[in-house]
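What the sequence shown shows, in numbering that gives the first Met the number 0, is residues 0 to 356, in sequence order.
Think of the CB as a built atom: it goes at the ideal place given N, C-alpha and C, for glycine as much as any other residue.
Beneath this line is the structure, given in structure tokens, with notes to follow.
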Amino acid sequence: MLGSIGAVRKAIADGTEPADVFAASTARAARLDTGGQPVNAFIHVSAGEAGAAAPGLLEGVPIAVKDNICTAGSPTTCGSRIMSGYRSPYAATAVRRLTEAGCLVVGKTNMDEFAMGSSTENSAFGPVRNPLDRDRVPGGSSGGSAAAVAAGVVPIALGSSTGGSVRQPAALCGVVGVKPTYGRVSRYGLVAFASSLDQIGVLSRTVGDAACALEIMSGADPYDATSVDRPPPSASALDDVSLAGRVIGLPREYFGPGMDECVRAACERTIEQMRDAGAEIREISLPTSPQAIPCYYVLAPAEASSNLARFDGVRYGFRAPGAHDLDDLYSRTRGDGFGPEVKRRIMIGTYVLSAGY
0 MLGSIGAVRK
10 AIADGTEPAD
20 VFAASTARAA
30 RLDTGGQPVN
40 AFIHVSAGEA
50 GAAAPGLLEG
60 VPIAVKDNIC
70 TAGSPTTCGS
80 RIMSGYRSPY
90 AATAVRRLTE
100 AGCLVVGKTN
110 MDEFAMGSST
120 ENSAFGPVRN
130 PLDRDRVPGG
140 SSGGSAAAVA
150 AGVVPIALGS
160 STGGSVRQPA
170 ALCGVVGVKP
180 TYGRVSRYGL
190 VAFASSLDQI
200 GVLSRTVGDA
210 ACALEIMSGA
220 DPYDATSVDR
230 PPPSASALDD
240 VSLAGRVIGL
250 PREYFGPGMD
260 ECVRAACERT
270 IEQMRDAGAE
280 IREISLPTSP
290 QAIPCYYVLA
300 PAEASSNLAR
310 FDGVRYGFRA
320 PGAHDLDDLY
330 SRTRGDGFGP
340 EVKRRIMIGT
350 YVLSAGY
């Protein structure tokens, strides 16, 4: 079981070859799909021998990548039939920076189609099961990445977040999930859902591992004008972090009626741990919270309607057979290629972008 970056680095320092670590990771990925209830965390697993790991801080560390983040030469499907057969000619900046630091990509993880969902049940490749309890979902839309980390296939995995799709599956699978501030990590190579909200994030088993990966991925990128030119956060700075004297706000709107009692109890335990560590806990109010979901369901589908117009059967991916003319090709390809959740969001977005609405 590949529990942490530190464990992998120690094994390699003790003489284990990076190729053997990679082989153990791919073998564990395959075992997730044995038995009557496959986890189905991966859409594509790298075959054969691993390439040589670049020398660096993460030399030989296997990673998994959500399948809406481009990796050079391997499939990038976004969990959708409409992207079947597409192989990216380039790697996303976040992936490239990690591989330059020595990481090896084990495979591409399953996801809600075009990152639209919160359970990873809306995939053209079938639903993902939670490896901790295969009768339950892993959360979404980065459920495949969260499941891969929770099952010990990889110590870190990349996900993407538009409205919670890294932190929510991390919570359901019992791992660490970080969605950075917009602009901290380049979006170059992330297939767009809603461009003003999308972010590449990281899932891991420890906070330190998440911080290490985030430090390597962060920084300005000439291929993404929205990336921020600031020094990346230092993972080593976590060693000196103390909660003593810190003020932590608890928005009362987040602890109202309808909150699951198990979740409430877990939050209360964490609050007590923070208080014991010296933090001041203060109740606050975020009065615009009730408007968050209505705003999301205007902005995100509107951007999705525009962004997904590029998938038409002409340029790349799936092309429906038997079309009589161009309009028929568009209609058949998008009708057969997109799943029901994606179609719903495109239709909502097209509506809100229409004149008069």
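In this structure, the CA atom of P286 is about 11 Å from the CA atom of Y253. Bridge partners of T108 according to DSSP: F41 and K65. Contact annotation, Y329 with Y85: C-beta distance approximately 18 Å; criterion of less than 8 Å not satisfied.
Between L307 and M346, the alpha-carbon positions lie close to 11 Å from each other.
By the CB criterion at 8 Å, L31 and V38 fall inside the cutoff. Between A40 and R80 the beta-carbon gap is near 19 Å, outside 8 Å, which marks them as no contact. Pairing A219 with P230, the inter-Cα distance amounts to about 9 Å. Beta-bridge partners of N129 (DSSP): D132. For A156, the secondary structure class from DSSP, reduced to helix, strand or coil, is strand. Here DSSP, grouped into helix, strand and coil, assigns E16 to coil. When Cβ pairs closer than 8 Å are counted between the two stretches, the stretch 85 to 95 is seen not to touch the stretch 125 to 143, the count staying below three. With contacts defined as CB atoms closer than 8 Å, C77 and V190 qualify as a contacting pair.
When DSSP reads this structure, E58 sits in no beta bridge, so it has no partner. Collapsing the DSSP output to three states places R309 in a helix. For P339, the closest C-alpha among the options E58, N121, V94 and K65 is that of N121. Per DSSP, the unbroken beta strand (DSSP E) holding G200 starts and ends at Q198 to S203. Excluding the 5 residues flanking it on each side, V153 has same chain C-beta neighbours closer than 7 Å at L1, S24, P61, I62, A63, V105 and A147, in chain order.
Distance from the CA of F337 to the CA of P74, rounded to the nearest whole angstrom, comes to 17 Å.
DSSP, reduced to helix, strand and coil, places S217 within a strand of the structure shown. Residue pairing for P74: DSSP places it in a beta bridge opposite R86. A straight-line Cα-Cα distance of about 18 Å links A156 and A18.
Boundaries of the beta strand (DSSP E) harbouring I280: E279 to I283, taken from the DSSP string.
Residue pairing for L249: DSSP places it in a beta bridge opposite E282.
By the neighbour-count definition (other C-beta atoms within 10 Å, threshold 16), G312 is a buried residue. In the three-state DSSP reduction, V175 falls in the strand class (E or B). In the structure shown, the three-state DSSP call for L103 is strand. Counting C-beta atoms within 10 angstroms of its own C-beta, G138 has 16 or more neighbours from the protein chains shown and is therefore classed as buried. If you compare the alpha carbons of V240, M258 and S288 with that of V206, the shortest gap goes to V240.
Pairing I199 with S235 gives a Cβ-Cβ distance that is not under 8 Å. In the structure shown, L189 adopts extended strand secondary structure according to DSSP, grouped into three states. Looking at the DSSP output, D223 bridges to D220.
Taking the Cα positions, A91 is about 11 Å away from V184. In this model, R343 and S195 are separated by some 20 Å (Cα to Cα). Taking 8 Å as the cut-off, the Cβ atoms of R245 and A278 count as close.
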